[in-house]
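A.B. asks: Residue numbers (the numbering used here), protein chains in the order written: chain A, 69 to 277; chain B, 69 to 277. Beta carbons: idealized from backbone N, C-alpha and C, even for Gly. One structure is given below, represented as structure tokens, and several questions about it will come after.
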């Protein structure tokens, strides 16, 4: 098994933290996004969507998309559970994870990719080029602000995002908060619940993965 | 159990088709999106994100987000499987479903919500208002065109989107193709693989759910 990876990018980090929490060791292969290696023919043959992470199984099958990698690894290596412990919990984790992805991760990505020169002509991930739209820089920042507040409200009622345990929803949220640093945004001090949670999750050994 | 629903909207249809494929009957409660019922206090108490679908369990727990509802129902009612039959398959279904959601459903939604007067001030779902951005109308249409082509390529190599069986990835894709009619886009005749697949999936009894 090997994980096509790029150390600095947020989505591969979601996969790496999950792998570390499972106690697995998986060989990584660097895809140099800075040099456009994801658009080269040899990587397109691995993942036609030109994105990382992608997990190549021993039988040659490639699973890309963080959700795909997580679902595979959780079913193949159930302990410790990160996608929920029973039917209801699985639903609640998926609900929170999806919402954090839409309202948080996509918000920061919008603010970042429409701003940075390196993403000119590639404001969205994938093989099809899309131009940057300057209005999305501001919208992305506003959405990130609202996401931080939502996170703080939730973490005022619950120790972790989906309940009493650390789950995949926390992984996406912690990666999002750190990714927000790339657009020079951070959790404001007054959001004490979110800051308490962020300190806790980022002190787990997996956070360095 | 009851499903907070809006008949015409694409996301509740993803939940309804899944429920029909499982052979379940779940009471629905209409949330009148045309009148802004999703923003009223009584619905916010059910789902603070102000979106449908949302599934209220008999113990009073509410699970929103299509992914959350699917995961709960699949675990509680495993047959027939719609999220994959084993670890690898679960990964592949989640990969395709996520990609179809990002590249297809979000593309059409972008073209629609930034255009239609009724979404003024609410170009994104959720409680926080965001203004429409006219450039996203064109981008949404271009992304939808590219999505149709991707779908056709995939359905030239596989009977259904994630492999030999009908899965949740097909549900999101069929709902997306029909939703594209709202921005007056349809699968072009030359995309014969995608059209063959669309006829097949839309002739399943669940398509009317």
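Run through the DSSP bridge pairs and tell me what residue 234(B) is partnered with.
C.D. replies: Looking at the DSSP assignment, residue 234(B) forms no beta bridge with any residue, so it has no partner.
A.B. asks: Going along chain A, which residues have a C-beta under 9 Å from residue 102(B)?
C.D. replies: Per Cβ cutoff of 9 Å: no residues; residue 102(B) is ~23 Å from chain A at best.
A.B. asks: Quick one: which chain A residues come within Cβ less than 8 Å of residue 112(B)?
C.D. replies: Going along chain A, no residue has its Cβ under 8 Å from residue 112(B), so there is no contact; the nearest lies around 12 Å.
A.B. asks: Do we get a CB-CB distance below 8 Å when we pair residue 224(A) with the residues of chain B?
C.D. replies: Not closer than 8 Å to any Cβ of chain B, the Cβ of residue 224(A) fails to qualify, so no.
A.B. asks: Just reading off the alpha helix (DSSP H) that residue 185(A) is part of, what are its end residues?
C.D. replies: Run containing residue 185(A): none; DSSP gives neither H nor E here.
A.B. asks: Report yes or no: is there a C-beta of chain B within less than 8 Å of the C-beta of residue 87(A)?
C.D. replies: With 8 Å as the cut-off, residue 87(A) does not count as an interface residue toward chain B.
A.B. asks: Could you confirm whether any beta carbon from chain A is found closer than 8 Å to the beta carbon of residue 125(B)?
C.D. replies: Output row for residue 125(B): interface = yes.
A.B. asks: Kindly indicate which three-state DSSP category residue 120(B) falls into: helix, strand or coil?
C.D. replies: Coil.
A.B. asks: If you draw a straight line from the alpha carbon of residue 199(A) to that of residue 147(B), how long is it in whole angstroms?
C.D. replies: Roughly 44 Å between the two C-alpha positions.
A.B. asks: Using DSSP with H/G/I as helix, E/B as strand and the rest coil, what is residue 239(A)?
C.D. replies: In this structure, residue 239(A) counts as helix in the three-state DSSP scheme.
A.B. asks: By a C-beta neighbour count over all protein chains shown, 10 Å radius and 16 as the cutoff for buried, is residue 124(B) buried or exposed?
C.D. replies: Per the 10 Å Cβ criterion, buried.
A.B. asks: Ignoring anything shorter than 4 residues, give me the alpha helix (DSSP H) runs that lie fully in the stretch 108-155 of chain A, in order along the chain.
C.D. replies: Entirely contained in the stretch 108-155 of chain A, the alpha helix (DSSP H) runs reaching 4 residues are, in chain order, 109-114 and 134-144.
A.B. asks: Within the same chain, show all residues whose beta-carbon is closer than 6 Å to that of residue 169(A), passing over the 5 residues directly before and after it, in chain order.
C.D. replies: Excluding positions up to five away in sequence, the list reads 240.
A.B. asks: Would you verify that the beta carbon of residue 229(B) is, or is not, closer than 8 Å to some beta carbon of chain A?
C.D. replies: With 8 Å as the cut-off, residue 229(B) does not count as an interface residue toward chain A.
A.B. asks: With three or more C-beta pairs closer than 8 Å as the rule, is the stretch 244-261 of chain A touching the stretch 98-105 of chain B?
C.D. replies: Segments in contact, no.
A.B. asks: Compare the beta carbon distance of residue 191(B) and residue 181(B) with 8 Å and say whether it is the shorter of the two.
C.D. replies: Their beta carbons are under 8 Å apart, which means residue 191(B) touches residue 181(B) by this criterion.
A.B. asks: Output, in chain order, the set of chain B residues within a Cβ distance shorter than 7 Å of residue 155(A).
C.D. replies: The contacting residues are 140, 143 and 144.
A.B. asks: Of the residues 277(B), 188(B), 136(B) and 272(B), which one's Cα is nearest the Cα of residue 154(A)?
C.D. replies: Considering only alpha carbons, the answer is 136(B).
A.B. asks: Taking C-beta pairs closer than 7 Å, name the residues in chain A that residue 159(B) reaches, listed in chain order.
C.D. replies: Near residue 159(B) (Cβ distances below 7 Å), the residues of chain A are 131, 136, 137, 139 and 140.
A.B. asks: Which residues, taken in chain order from the stretch 201-216 of chain B, show a beta carbon closer than 8 Å to some beta carbon of chain A?
C.D. replies: Listed in sequence order: 201, 203, 204, 207, 210, 211 and 214.
A.B. asks: Compile a chain-ordered list of the residues in the stretch 185-197 of chain A whose CB is closer than 9 Å to at least one CB of chain B.
C.D. replies: So the close ones are 191, 192, 193, 194, 195 and 196.
A.B. asks: I want to see whether chain B comes within less than 8 Å of residue 321(A), judged by CB atoms only; does it?
C.D. replies: Here chain A has residues from 69 to 277 only, and residue 321(A) is not among them.
A.B. asks: Give a yes or no on whether the C-beta atoms belonging to residue 133(A) and residue 162(B) are separated by under 8 Å.
C.D. replies: For residue 133(A) and residue 162(B), yes; Cβs fall inside 8 Å.
A.B. asks: So that I know if they touch, is there some Cβ in chain B lying closer than 8 Å to that of residue 171(A)?
C.D. replies: It does; some Cβ of chain B falls within 8 Å.
A.B. asks: Quick one: which chain B residues come within Cβ less than 8 Å of residue 241(A)?
C.D. replies: Ordered by position in chain B, no residue passes the 8 Å Cβ test against residue 241(A), which lies about 15 Å from the chain.
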